[in-house]
Amino acid sequence: MRKWREIFGLTQSELAKLMGISPSVLSDYEKGRRVPGARFLKRFVEALLRADEARGWPTVRNLLSNVVPRMDAVIDMHEFWNPITVAQLVELVEGIVLNTFVDNKPIYGYTVVDSIRAIETMRGYEYWQLLGMTSERAVIFTRVSKGRSPMVAVRVSPLKPAAIVIHGPRRTVDPLALKIAELEHIPFILSLAATVDELVSKLRRAVEPRTGYVELSTSLSS
3 MRKWREIFGL TQSELAKLMG ISPSVLSDYE KGRRVPGARF LKRFVEALLR
53 ADEARGWPTV RNLLSNVVPR MDAVIDMHEF WNPITVAQLV ELVEGIVLNT
103 FVDNKPIYGY TVVDSIRAIE TMRGYEYWQL LGMTSERAVI FTRVSKGRSP
153 MVAVRVSPLK PAAIVIHGPR RTVDPLALKI AELEHIPFIL SLAATVDELV
203 SKLRRAVEPR TGYVELSTSL SS
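As structure tokens, then:
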């Protein structure tokens with residue numbers, strides 16, 4: 003308990019006041035002279051959160067940053083009620099498959115990522131966390147020049163997406179990106195949608211109830 007009090011930057015007196023107890027009682031719990039019950043622990047946690055809320059949530063934000071990747075680079079993220087196939091994904095993104103490997107693995111959702119923003123704002127482990135959240139999803143990288151950077155990230159990530167889509171290149175895709183896609187056995191798709199907005203719009207329409215899918219999550223870009 004002392005550890006968590008110190009993590010939240012509170013003195014015994016400050017925390018005790020928030021909990022409505024004396025500092026000596028809190029000291030007894032911290033030193034193990036008393037065993038906290040469920041009700042006491044609830045008051046303890048609520049007091050920590052109230053204190054952090056009053057300061058603008060600095061401690062909670064810091065703790066979350068260690069387990070949840072920054073989402074600044076995520077343009078859109080949705081789940082399909084029913085999984086779709088790679089062929090359906092290709093049609094949705096107006097794409098062409100660049101490599102020879104096409105898996106029948108179902109795709110349960112998609113994440114659209116601004117590749118430039120991801121490079122600018124995300125640490126390496128956060129990039130891995132983002133990819134780890136997409137092991138049964140398609141990851142769609144926008145603002146891509148030739149496709150090397152996204153595929154290198156996929157190569158070193160312990161968890162792999164179900165499919166990779168890149169949007170941006172019109173003439174040349176990096177040979178190394180193609181090779182990595184083959185080595186990783188991941189469908190590698192080039193979207194020919196005119197704009198990112200058009201691409202996202204088509205994906206969103208695909209999860210509307212009238213198309214046979216149900217929208218489960220809210221766009222992160224709204």
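Those letters in the sequence shown? Residues 3 to 224, per my numbering, in order. Don't be surprised by glycine CBs; every beta carbon is placed ideally from N, CA and C.
query	result
DSSP three-state assignment for I9, whether helix, strand or coil	helix
contact_flag[the stretch 47-60, the stretch 98-108] where n(CB pairs < 8 Å) is 3 or more	no
Local Cβ density within 10 Å of T174, reported as buried at 16 or more and exposed below that	exposed
Sufficient close CB pairs (3 or more, under 8 Å) joining the stretch 81-99 to the stretch 148-156	no
Pairwise C-alpha distance: I9 and I118	34 Å
Burial state of R207 (16 or more Cβ within 10 Å)	exposed
Extent of the continuous beta strand (DSSP E) run through M79	76-86
Exposure of G22, with buried meaning 16 or more beta-carbon neighbours within 10 Å	exposed
Residues bridged to L192 (per DSSP)	I98, I168
Local Cβ density within 10 Å of P163, reported as buried at 16 or more and exposed below that	buried
Cα-Cα separation between S26 and R63, rounded to whole angstroms	30 Å
8 Å CB neighbourhood of T213 in its chain, flanking five on each side removed	In this prediction, T213 has a pLDDT of 46, which is less than 50 and means its spatial position is unreliable; nothing more can be read from the coordinates.
Within the stretch 13-68, ranges of the alpha helix (DSSP H) (whole runs, at least 4 residues)	14-21, 25-32, 40-56, 60-67
Option nearest K148 by Cα separation, candidates L180, V114, K5	L180
Paired residues, beta bridge with G149 - DSSP	DSSP, once it has assigned bridges, lists no residue as partnering G149.
Continuous alpha helix (DSSP H) assignments of at least 4 residues falling wholly in the stretch 99-125	117-123
Proximity to I109 [Cα-Cα], best of I166, I77, P160	I166
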